[in-house]
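Working notes, beginning with the structure itself.
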Amino acid sequence: KPALYRSRTDGKVAPGQFELGVKSKKEHATFGKPNGTAMHTPTTFTRAHEKEPVLPEPTKPTTSKFKTKPSVPKVTEKPVMGLTSNKNFVTANAVENILAKPQKVPVEEPRFTERKDFGKVPTYLKKVKAKVAQETEYVRQYIQQREMDQTQSNAQEMPEYERQELLDHLKTKWAEVNKVYQTKLSFVLDTPAKKTRKESLERQLQEIEKDIELLSKGSTVLVVPDY
C-alpha cells in the first residue's frame with residue numbers, strides 16, 4: 001500500500017483563496033440574460049442624445065482675469081503740465097556722487113594660461129629631479145669604488161710562464177681562425193649564411209687581437225679568481 005500523500009504546502013489556507021477567480025467574472029458575460037428577463041416597457045425606450053455627456057452648469061470664476069495692458073485713462077486723469085523746478089542738477093549730481101559710497105572694483109580671476117611659465121616644468125620639480133640624479137650618481141660611484149677596491153684586494157699577479165703560455169695559445173688560435181678566414185671562406189657572399197659566417201670570423205679575430213695586445217703591453221698581469 002503506498003504512503004498517504006501529504007502536500008508540501010501549508011494546509012492553513014485563507015477561505016478567500018478557494019474562490020479561484022470567481023469574483024473577477026461578470027454575470028451573463030457569455031450568453032447574456034435568460035429570455036424574457038431583458039424586455040423593455042413602452043416607457044423605457046431610448047431617447048435622442050440620452051447617452052451624450054452633459055456639461056456642468058457654469059459657475060462664476062473665483063479669480064479675476066489678469067490685465068496685460070493698463071486701462072484707458074479717464075477724463076479727469078489729466079497730466080500736470082507746465083511745472084518748473086529751480087533745482088541745480090549739476091550741483092546736486094556732484095554732491096550726490098561725492099557723498100556716495102565708492103563702488104568695488106571687480107576682481108578678475110587669474111588666467112593661468114597667460115602666465116610666463118605656463119606649460120613648462122615647475123622649478124621645484126627641476127630641483128627634485130636634480131637632487132635625485134645627484135643621489136643616484138653618488139650611489140653608483142660608491143658601488144663602483146667598492147667593487148674596484150674588492151677586486152684589487154682579491155687580484156693576484158699572473159706568473160710570467162703562464163702569461164707567455166697564454167700569449168702563445170692566443171697567437172695559435174688567431175692563426176687557425178685566420179687560416180679558415182683566408183682559405184675556406186667563399187669570395188662570393190650570395191647567401192645570408194655565408195655573410196653571417198664571415199662576420200663571425202672577423203669578430204673572433206678582433207677579440208683575439210685585443211687579448212694579444214693586452215697581454216703584450218707589460219710583464220705584470222693581475223688576475224681576479226672566479227669563486
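Using full-length UniProt numbering, you'd call the opening residue of the sequence shown number 1 and step up by one each time.
The C-beta atom is built at its ideal place from N, Cα and C for all residues, glycine as well.
Since this is a predicted model, take the numbers as computed values, not measurements.
Just reading off the alpha helix (DSSP H) that residue i is part of, what are its end residues?
i	result
residue 196	192-216
residue 89	89-99
residue 182	160-183
Quick one: what's got a C-beta closer than 6 Å to residue i's C-beta in the same chain, skipping five residues either side?
i	result
residue 181	201
How many angstroms separate the CA atom of residue i from the CA atom of residue j?
i	j	result
residue 134	residue 143	14 Å
residue 59	residue 65	15 Å
residue 166	residue 137	38 Å
residue 106	residue 116	24 Å
residue 184	residue 216	29 Å
residue 94	residue 88	10 Å
residue 124	residue 130	10 Å
residue 188	residue 203	19 Å
residue 74	residue 47	56 Å
residue 26	residue 67	56 Å
residue 211	residue 119	54 Å
residue 172	residue 197	20 Å
residue 99	residue 109	30 Å
Using a 10 Å radius around the Cβ and a threshold of 16 neighbouring Cβ atoms, would you call residue i buried or exposed?
i	result
residue 208	buried
residue 170	buried
What distance in whole Å lies between the Cβ atoms of residue j and residue i, which are believed to be in contact at a cut-off of 8 Å?
i	j	result
residue 178	residue 214	19 Å between Cβ atoms; not a contact.
Could you pull out every residue in the same chain whose Cβ sits closer than 8 Å to the Cβ of residue i, ignoring the five residues on either side in sequence?
i	result
residue 190	none
residue 34	none
residue 28	none
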